[in-house]
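Going by the UniProt record's numbering, the sequence shown opens with residue 1, and the numbers climb by one from there. Cβ coordinates follow ideal geometry from the N, Cα and C atoms, glycine included.
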Amino acid sequence: MHQGGGYAGVHAINDIQQSSILGSKYRIVLINASDHFFHIMAVLRAAVDSGVHDAVFVPYTSLMRKSDEFIHGTANKITNSKVTVALHAGGETVVEYKYLIIATGSHHPTWANIEANNKWDGVKTLKERQAAIKRASRIVIVGGGITGMELAGEIADYFPDKHVTIIHSSNVLGNQDMPDKAREVVDDAVKRLNNVDIIYNDTIAHAQDVEGDLHIVTKTGRLIDADLQIVTFGLSPNSSIMNSLDPSLINPKTSAIKVKPTFQLDSPKYPNIFVIGDVADAPGAKMAMNTDTHANILVKNITSLETGNQPTAVYKGPMGAFAITLGRDTKNLWREQAYCTETCLKYNVMLPEKGSSGLGYMMNLDMAIDISEQPISPKTKPSLAERFVQLMGLPTKHTHTVDGDDQPPKAHKTVSKYSHTTTITKTDFSDWFPARSSHSVEEATMHMVPSKLPQIDLTANAWAQELLTRLQSRKGAMYGVLGAVVIYKLWSILLSTPGQFKAISRVKEFSLILTGVSGPERRRKEAIPLLARGEPAYFSSERGPYTLYIAEPKMARTLLMRTGTFPHGELGAFPKGSMFDKMLGTPNIVSSNGQIWKTHRKIASPVFRKSMPLQLFGNATLELFEEYKKADYKVDSSDYMERFTLDVIGRAAFDYDFGAIRYAENDGVKAYKNVFATVFDPVNLATSKFDLLLYRISKRRRQAHADLDTFLSTIDDVIAKKRATLSSERARSDEEDAEKDLLTMILEANSDEGDQGQRMTDEEVKSNIFAFFVAGHDTTSNESYRARAEAIAIMGDEPRDIVPTNEHLQQLQYINQIIQEILRLEPQLWLQPVVTR
1 MHQGGGYAGV HAINDIQQSS ILGSKYRIVL INASDHFFHI MAVLRAAVDS
51 GVHDAVFVPY TSLMRKSDEF IHGTANKITN SKVTVALHAG GETVVEYKYL
101 IIATGSHHPT WANIEANNKW DGVKTLKERQ AAIKRASRIV IVGGGITGME
151 LAGEIADYFP DKHVTIIHSS NVLGNQDMPD KAREVVDDAV KRLNNVDIIY
201 NDTIAHAQDV EGDLHIVTKT GRLIDADLQI VTFGLSPNSS IMNSLDPSLI
251 NPKTSAIKVK PTFQLDSPKY PNIFVIGDVA DAPGAKMAMN TDTHANILVK
301 NITSLETGNQ PTAVYKGPMG AFAITLGRDT KNLWREQAYC TETCLKYNVM
351 LPEKGSSGLG YMMNLDMAID ISEQPISPKT KPSLAERFVQ LMGLPTKHTH
401 TVDGDDQPPK AHKTVSKYSH TTTITKTDFS DWFPARSSHS VEEATMHMVP
451 SKLPQIDLTA NAWAQELLTR LQSRKGAMYG VLGAVVIYKL WSILLSTPGQ
501 FKAISRVKEF SLILTGVSGP ERRRKEAIPL LARGEPAYFS SERGPYTLYI
551 AEPKMARTLL MRTGTFPHGE LGAFPKGSMF DKMLGTPNIV SSNGQIWKTH
601 RKIASPVFRK SMPLQLFGNA TLELFEEYKK ADYKVDSSDY MERFTLDVIG
651 RAAFDYDFGA IRYAENDGVK AYKNVFATVF DPVNLATSKF DLLLYRISKR
701 RRQAHADLDT FLSTIDDVIA KKRATLSSER ARSDEEDAEK DLLTMILEAN
751 SDEGDQGQRM TDEEVKSNIF AFFVAGHDTT SNESYRARAE AIAIMGDEPR
801 DIVPTNEHLQ QLQYINQIIQ EILRLEPQLW LQPVVTR
């Protein structure tokens, strides 16, 4: 049983779910007055930036397992075995429990919290606050603690023309539990904010609203005229539930619930009731970062009780660290304080490292609790930034972008899905057109150890990075570094650039191995310096021996077209019957040479010159929109786009509907995902020559083979049916070429070849289709303000769905340019093995 869904509550749910003893044995019942988790640390940013309103609310149902239960209501009575709940929808219910966790938090000042029982009322409150700030020219903030300072920084950043006055009861800003030197540092930073005045050693006596003008009188007799007054002090624990059990367990001085160091109620009568978070009368400041420790101790002690032992894990107080941000740009907290690093480390004040636009945004908004993955603590001494990431539990699954209305982003932040690495980049157009730009990039990067290989890369660098990650998490950084160095050195010695190519530059990847950078981002970091000075090509060991990356179009065309001089290399000499052999072992346009390649190219080339299947894309998009409508207010766009791509490729390639958009987990989708996850898994790529041996000893490999056989059998059936259909001349004229699937067009072009020897066999047709399928599955999508504006201008903004036509496409010039540029930067075939002499 769990009462309260704030930071402490979410941490407790996460730790219980992951517990090997408690996770599978017990069902979690969460009782909360609101149906959404609210990121309270983002409330001040949300008061000035409407763009983050949706992001600060997360439905509790997304945090719970299927076996768990969420009750939308308020607990109004507890005993040693039951909880009575007043339901939000009306009525009451009684819930029995074995263990009760009370994490009801505390009541914050009005502007530092949201009192709403659903997301929609919460968003409405945030909008009202933002409107109040926008209307006001003169704003008075009562209280100069952390909340007051951060709110002043947000207003000064977003609304520099507004005048802010902070009234503080002490002679220096900051909370009483902050060290004196630390308070001096942050006080000095606030003083330098634009249009912000500070009144020390004073407080409000009374305020009077006269026809919209607020007249404030302080205790020292100072008169202040304002349009808006915001109170930011006052924190009271939500402990009233304890009155129904034992009022004596409420500390009259703090109003918090008395607890033992084990977080059990401070009474021998209730060993099964625990209290964590702000409502617990535990030492230290009431801060979200401390709740992770509370939850860890809680789960250890419940586990001890469950195994027949006495609880022994005790809370010894917080780490004494906190974060302060003053708007999005925190340079004034760093660059004008040369001694800031030592000061912050000494006094446990966490301030941004190497201030850069976007840091404040990151720290204030992204304090989301990641319920599925906890940060990995580095074994070596962490930097200031690393300490911040580690202590605050930055998320790993959310991405937020700050940019202008119709300009390329000046600053953006991304949080990698696979690593605890946060990068804040300030640039011009290098992220939009990386192959053309040579703009300098100023970066402030915070690194934690990646939790898994960032992407599938069969390379020495990728394996070195993987080895580093695994060893670092078990034996320490030293072993990981040594392993990475050994692998990289062996790779460099065995696969150094051939002598005849010494004139071509070779990028140095070693400096990027340990950073967690992978994929396109790493290629940009490697290539841009070379391309900026005019080099048309470069060598890299990223994807194997002698890999030449070409940026000059004419050179690329020569290599691809002159197969006599530059014959295509084999995709791999894979054993007969292996998964790769089944998919791509038959000659196709990618791997063949000579007359076979000419035949395949002659048949396939006209196919790819035809126009795009607009109706196919349009209808698939309508299906996607319908699924969006059925989903919760928040959707995983990456998953939806992967399913959308699978359906589009299936229909465009061979007129087969996977149904992935409508049915995320149907048998066809599962089989497809299993096949591709197995085939392109790094371990499988490295052991592909032993595929048949692994088939005998690995159940997973046998299942992948079975799924692949089913998939290939489906293609065989489709080809046979398609040939039968195309025997009718009428069938060939019923549909525009632009809307025909790839298989239909290849079969039609193939049948037009008079000489039987100049045609593809069914196996070759299937191999070419599969090559297209593999190349087309890896897709990306971007949207921009300008593209949307053009679409609205051409197709209208009425609330109805429109499937575009070829006439529309001719008018959508900018969107057409985007399509062509994406195909240039991310071509279907971007890696071509070539044999050189």
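By the neighbour-count criterion, in which a residue is buried when 16 or more other Cβ atoms sit within 10 angstroms of its Cβ, E92 is exposed. In this chain, D246 is not harboured by any alpha helix (DSSP H), its DSSP state being neither H nor E.
Within its own chain, the residues whose Cβ lies closer than 7 Å to the Cβ of N238, once the five positions on either side in sequence are excluded, are T104, G105, S106, H107 and V279, listed in chain order. Straight through space, the alpha carbons of V10 and I198 are spaced by roughly 37 Å. Between the alpha carbons of L100 and F274 lies a gap of roughly 6 Å. The beta-carbon distance between K162 and I139, rounded to whole angstroms, is 6 Å. This is short enough to meet the 8 Å contact definition.
Going by DSSP, V83 is part of the beta strand (DSSP E) stretching over K82 to L87. Exposed is the label assigned to I802, since fewer than 16 other Cβ atoms lie within 10 Å of its Cβ.
Within a 10 Å sphere around the beta-carbon of K766 sit 16 or more other beta-carbons, which makes this residue buried.
Apart from the 5 residues on each side of it in sequence, S19 sits with its Cβ closer than 8 Å to the Cβ of V299 and T303 in its chain, given in chain order. Burial state of H206 is exposed, judged by a 10 Å Cβ sphere holding fewer than 16 other Cβ atoms. Per the C-alpha coordinates, the member of D639, L624, A631 and G618 positioned closest to A652 is G618.
Annotation for Q229: the continuous beta strand (DSSP E) segment containing it runs L228 to V231. By the CB criterion at 7 Å, F263 and I297 fall inside the cutoff. Annotation for D177: A285 place their beta carbon closer than 7 Å to its own, counting only its chain and skipping 5 residues before and after. Judged by DSSP secondary structure, R138 falls within the beta strand (DSSP E) whose first and last residues are R138 to V142. Counting every other CB atom within 10 Å of its CB across the protein chains shown gives G212 a total below 16, marking it as exposed. Within the same chain, Cβ atoms closer than 8 Å to the Cβ of V669 are found at R643, L646, F658, G659, A660 and Y663, the five residues on either side in sequence being excluded.
For I71, the secondary structure class from DSSP, reduced to helix, strand or coil, is strand.
Take L22, set aside five residues on each side of it, and the residues of its chain with a beta-carbon closer than 8 Å to its own are I16, V299, I302, T303 and E306, in chain order. Counting C-beta pairs with one atom in each stretch, the segment 145 to 160 and the segment 184 to 194 have three or more that are closer than 8 Å, which means they touch. Per DSSP, T220 is not a residue of any alpha helix (DSSP H), being assigned neither H nor E. In chain order, L249, N251, D266 and D281 place their CB closer than 6 Å to the CB of K258, counting only its own chain and leaving out the 5 sequence neighbours on each side. If you draw a straight line from the Cα of A33 to the Cα of L616, it comes to about 46 Å. Sequence-distant Cβ neighbours of H72 in its own chain, meaning closer than 6 Å and more than five residues away, are D35 and H88. Scanning the segment 149 to 208 from its first residue to its last, the whole alpha helix (DSSP H) runs of 4-plus residues come out as 180 to 191. If you draw a straight line from the Cα of A116 to the Cα of F38, it comes to about 10 Å. Pairing D157 with R45 gives a Cβ-Cβ distance that is not under 7 Å.
For the pair G277 and A8, the CB atoms are nearer than the 7 Å cut-off.
Collapsing the DSSP output to three states places I31 in a strand. A distance below 7 Å between beta-carbons, with the five flanking residues on each side excluded, links V58 to the following residues of its chain, in chain order: H36 and F37. Taking C-beta atoms as the reference points, E154 and V48 count as a pair closer than 7 Å. Under the DSSP definition of a beta bridge, P59 partners with H36. Rounded to the nearest whole angstrom, the CA to CA distance from A620 to V648 is 7 Å.
Considering only V29, I504 and E128, the residue with the shortest C-alpha distance to L228 is E128.
Bridge pairing for Q264: F274 [DSSP].
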